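So in the numbering used here, spot 84 of the sequence shown is number 103, and the numbers just go up one at a time.
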Amino acid sequence: MSYHIPQLGKLTPSRGNRLSRAFGQTILRVTGWKLEGNIPNIPKAVYVGAPHTSNWDFPIALTYLVATGIRMSWMGKHTFVNGFLKPFWLHMGGIPIDRRAAHGVVGEMVMQFNKHSELLLGLAPEGTRSKVERWKMGFYHIAKGAGVPIVPILLDYGRKRIAIGSPIEAVENVDVVKKQLSQFYRGAIAQHPQNYTPILPLEEDSE
């Protein structure tokens, strides 16, 4: 059976080269991770990753980025990203955000989307590896304000698969978006299941 590697379209921001992609793909194969779905051929989107309950989530996700060659950006506190390592952090996709700005984090990120012709923002809506009561919905407000889609990615430790879903429009009714995301993440097993909080309670998800 051939090993599925999602290919990037011409519109998708990319980085790396054939050698770096081969390295990432080898790591995923050796460690037994399967890749499912196709990366949308779009220049701008908010990518949301879940479940997030383990320190292993980051290196696995990073290996996925290297293996596919997709260029993902992330938000960082402006005092951190703008330090003496600023060139390095910017090269690695860091976007300095001033949380004290009058328009807030959401407004800051919407401005970033408006400034760039290409921007894929990666977020973990649970916000922490510990158990939380609910997802942080900043990703929805950023996508809605910037007029870009939401793309879900899941790490399923039960079946050792990294799956990417189809773009979801950030429509006015947030409950519609939550329902679509809930259906995508249904059945995914976190590294520490007791710490995972679904975007919708089980009783709502089954309705």
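No residue lacks a Cβ here, since even glycine has one placed at the ideal position from N, Cα and C. All of these numbers come straight from a predicted model, not from anything done at the bench.
Classification of residue i by the beta-carbon crowding that lies within 10 angstroms, buried from 16 upward
i: residue 226; result: Here the model assigns residue 226 a pLDDT of 47, short of 50, so the residue's position is not dependable, and the following value carries that caveat. Classification for residue 226: exposed.
i: residue 49; result: exposed
i: residue 78; result: exposed
i: residue 222; result: Residue confidence is low: residue 222 scores 42 on pLDDT, short of 50, so the model does not pin down where it sits. Its coordinate-derived value is still stated next. With fewer than 16 other Cβ atoms within 10 Å, it is exposed.
i: residue 163; result: buried
i: residue 154; result: buried
i: residue 256; result: Any property of residue 256 remains undetermined from this structure, which presents the chain solely from 20 to 226.
i: residue 22; result: exposed
i: residue 196; result: buried
Residue interval of the beta strand (DSSP E) (run including residue i)
i: residue 180; result: 180-183
i: residue 172; result: 169-175
i: residue 53; result: 53-55
i: residue 142; result: 138-142
i: residue 113; result: 113-116
Beta-carbon proximity of residue i to residue j, cut-off 8 Å
i: residue 173; j: residue 69; result: yes
i: residue 168; j: residue 64; result: yes
i: residue 89; j: residue 147; result: no
i: residue 62; j: residue 136; result: yes
i: residue 189; j: residue 159; result: yes
Whole-angstrom C-beta distance between residue j and residue i, which should lie under 8 Å
i: residue 56; j: residue 25; result: 7 Å
i: residue 85; j: residue 142; result: With 8 Å as the limit, residue 85 and residue 142 do not qualify as a contact, their Cβ atoms being about 19 Å apart.
i: residue 124; j: residue 157; result: 6 Å
i: residue 209; j: residue 72; result: 4 Å
i: residue 138; j: residue 87; result: About 17 Å; that fails the 8 Å criterion.
i: residue 171; j: residue 204; result: 7 Å
i: residue 92; j: residue 140; result: 5 Å
i: residue 128; j: residue 161; result: 5 Å
i: residue 116; j: residue 94; result: 5 Å
Residue i, enclosing alpha helix (DSSP H) - first and last residue
i: residue 157; result: 157-165
i: residue 41; result: 37-50
i: residue 123; result: 123-134
i: residue 27; result: No alpha helix (DSSP H) holds residue 27; DSSP gives it neither H nor E.
i: residue 66; result: Here residue 66 belongs to no alpha helix (DSSP H); instead the beta strand (DSSP E) covers 63-69.
i: residue 200; result: 193-204
Residue i, DSSP secondary structure in three states
i: residue 91; result: coil
i: residue 225; result: Confidence is the limiting factor: at residue 225 the pLDDT is only 43, short of 50, which leaves the residue's position unreliable and the question unanswerable from this model.
i: residue 79; result: helix
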